[in-house]
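S.K.: First the structure, which I've put down as structure tokens, then a few questions once you've had a look.
Encoded structure:
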């Protein structure tokens, strides 16, 4: 089980999901993530892939028992990340981060990225699970 | 107990749809006979699987919450906005579809609730079962693996919904190149160019001809069960799609595509639906779609959280 | 050769080079048309530099040697996602393809569609109407892609294409590395009606001490429907999708 921290910065973002083109959502369902649960962990970035329709980040996560596991989290489209002032040069293999995510409902490693806190203090908040419509 | 409550529908919605389609049909010169006319009486069809009913926006809802979540998280899709001031019109040639376009429907394309005449989609028992199992999988938070999940082409019907695509046209063939899943839909106008009969692919084998100013495209040869809508209106690999495409100007320039579905595996008779694609010369640059880099990652599984759709589930 | 249709302004031929490039332009019906299907009949996996060897910097040489060692071990995913994942080869590597390339040319845009895994690249030309996009506009400068962002213009008979905004995840060929600051310049022309030439120039000051070039040629192919190619089907087998 990944080590859990209560991280006050990893709060749901009050941003509506506004995409003119069917980006991350219509590409495929996101129903397999547990929207009600947020996990947090210290991790090392293995790979951060920027791409349409969504990005993904592979991380090595420290478990409670000191072992590590690799998992891949799905994230927002590159436009969302760029709007928060981040570029691909901000993420590289070996970076230490604090990560929060909605886990997979079936219990397998993985999930939907909610946020990354970099060592320099900057925070990326993924708005994939934005506020409800209307 | 299987519920039939989901078959109630607003009369105004039916009348509005019927009037819109009738106007398009009359203005195009396309007759009901040409569009595989359907019976005008409501078709209740086979009953829904347990728990599925009609919810907001006339789309299916279920007890698991996954379908509602999908609508909630997609409800704020914004309009592309007006064309820039320097946007040129499309070619004056009614037979030229050259240029860039954008699929206008979004929530309307999640499911195909009614055909082009406002009748229920004529699922047979197998079709209703496949459609409802796709819905229930989504609703129960264990959605089926779709071509998009594994970075394969979904075929042109699904891969031009709410995305940009460009059309390059010559007298011998038409190439529609979409942003989504790197779908490249090639239509042979010169029969000599057509792929051999029996060729199977994700996009199918398409042959087209002109009927006046309407392009008629017939496609067969799908290697997989298709998704005609986001939520999975099915087409079996034995199915055939006939698409009648014409360029229309009505407040804006758009392509109207009337698709006729012939598939005895899943439907009791041929039926048609309509979608439109706006002229968008400001969407000429396709974004890179390099999904293989993620889907092909040997250290992760793109199907995590999904389940495979059974081959024999009907 | 496929015929051109469409409402965009007639093609123009522009004369002049250097600072006079494009000074005199006139509409001509016989302007260069690269439309059609092309294939490199003598493909190779590596860019052969014109002239002398690739002018690596110290960092570039080290990265190159690391790639060779990783290739020898067969650890493809550590450095070559094309081989290990079917990822886009990007530019200029895709121009080394042994499969066909179909070029669609219009007055204000040119698109190359590749038979290999259906990848494509767009080259914008002068006069393209204002583009509305969240991604490929100003933000493209912030997020590089495998194919980069390509802008072209005609200099006489030659299409000069400048490409920047690359991701750092690709290779120039099967081994040669590059970084975010890569710039590719191509001079594309018809040597004759059946032969297309692409003279490629590579610049990346982190990896190379100076620009260097390589030239590729392609032979015209018959018009055709390009067979659908899906690399992941070959690499990973058929996907778990119902076939009934």
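Chains as they are written, first to last, in our numbering: chain A, 37 to 170; chain B, 4 to 317; chain C, 353 to 596. For glycine and all other residues, C-beta sits at the position ideal for the given N, C-alpha and C.
1) Leaving aside the five residues before and after residue 105/A along the sequence, list all residues of the same chain whose C-beta is less than 8 Å from its C-beta, in chain order.
2) Are the beta-carbon atoms of residue 293/B and residue 87/A separated by less than 8 Å?
3) I want to see whether chain C comes within less than 8 Å of residue 198/B, judged by CB atoms only; does it?
4) Quick check on residue 82/B: buried or exposed, where buried means 16 or more other Cβ atoms within 10 Å of its Cβ?
5) Where do the N-terminal and C-terminal ends of the beta strand (DSSP E) with residue 511/C fall, by residue?
6) For a contact meaning CB atoms closer than 8 Å, what does residue 125/A contact in chain C?
7) Can you check DSSP and say which residues form a bridge with residue 391/C?
8) Quick check on residue 75/A: does DSSP put it in helix, strand or coil?
9) At the level of alpha carbons, what is the spacing between residue 567/C and residue 455/C?
10) So is the beta-carbon of residue 596/C under 7 Å away from any non-hydrogen atom of the ligand COA?
11) What residues from the region 273-303 of chain B come within 9 Å of chain A, judged by C-beta to C-beta, listed N to C?
12) Within the region 388-448 of chain C, note down every full beta strand (DSSP E) run reaching 3 residues or more, in order along the chain.
13) For residue 509/C and chain B, any beta-carbon pair shorter than 8 Å?
14) Return no unless some Cβ of chain A is closer than 8 Å to the Cβ of residue 515/C.
15) With 8 Å as the threshold, decide whether the Cβ of residue 256/B is near any Cβ in chain C.
16) Are three or more beta carbon pairs between the region 256-271 of chain B and the region 229-248 of chain B nearer than 8 Å?
17) Can you tell me whether DSSP reads residue 544/C as helix, strand or coil?
18) If we ignore side chains and look at the alpha-carbon of each, how far apart do residue 104/B and residue 391/C end up?
19) Quick one: is residue 213/B buried, meaning 16 or more other Cβ sit within 10 Å of its Cβ, or exposed?
20) Anything in the region 130-148 of chain B with a Cβ closer than 7 Å to a Cβ of chain A? List those residues in chain order, please.
21) Kindly indicate the opening and closing residues of the beta strand (DSSP E) around residue 220/B.
22) Would you mind reading off the limits of the beta strand (DSSP E) that contains residue 135/A?
23) Are the CB atoms of residue 200/B and residue 179/B within a distance shorter than 8 Å?
24) Taking the alpha helix (DSSP H) that residue 132/B falls in, what are its first and last residues?
25) For a contact defined as C-beta to C-beta under 7 Å, what are the partners of residue 494/C on chain A?
26) Three or more beta-carbon pairs under 8 Å between the region 547-561 of chain C and the region 581-590 of chain C, yes or no?
27) Would the beta-carbon of residue 208/B fall within 8 Å of that of residue 202/B?
28) Find the residues of chain A that neighbour residue 307/B, judging by a C-beta separation of less than 7 Å, and give them in chain order.
29) Could you tell me the distance, in whole angstroms, from the CA atom of residue 226/B to the CA atom of residue 165/B?
30) If you drop the 5 nearest sequence neighbours on each side, which residues of the same chain put their C-beta closer than 6 Å to that of residue 192/B?
31) What residues from chain B crowd round residue 577/C, counting only those whose CB sits closer than 8 Å?
32) Identify the residues that DSSP records as bridge partners of residue 56/B: which are they?
33) Indicate whether residue 167/B and residue 182/B have their beta-carbon atoms separated by less than 8 Å.
34) Can the beta-carbon of residue 93/B be found less than 8 Å from the beta-carbon of residue 102/B?
35) So, at 8 Å on beta carbons, what are the nonlocal neighbours of residue 194/B in its own chain, with the 5 sequence-adjacent residues on each side left out?
36) Can you tell me which of the three DSSP states residue 117/B falls into?
M.R.: The short version:
1) If we look at residue 105/A and ignore the five residues flanking it on each side, its Cβ neighbours are 38, 96, 97, 99, 145.
2) Taking C-beta atoms as the reference points, residue 293/B and residue 87/A count as a pair closer than 8 Å.
3) yes
4) exposed
5) 510-516
6) Among the residues of chain C, those whose CB is under 8 Å from the CB of residue 125/A are 532, following chain order.
7) 571/C
8) strand
9) 18 Å
10) This structure simply doesn't include the ligand COA, nor any ligand for that matter.
11) 286, 290, 291, 292, 293, 294, 296, 297, 300, 302, 303
12) 388-391
13) At least 8 Å separates the CB of residue 509/C from every CB of chain B.
14) no
15) no
16) yes
17) strand
18) Using only the alpha carbons, I get a separation of about 29 Å.
19) It counts as exposed.
20) 141, 144, 145, 146
21) 217-223
22) 132-139
23) no
24) 128-142
25) 118, 123
26) Too few Cβ pairs lie closer than 8 Å, so no.
27) yes
28) 140, 144, 146
29) 24 Å
30) Excluding positions up to five away in sequence, the list reads 175, 176, 211.
31) 176, 189, 191, 196, 197, 198
32) 64/B, per the DSSP bridge assignment.
33) yes
34) yes
35) 210
36) strand
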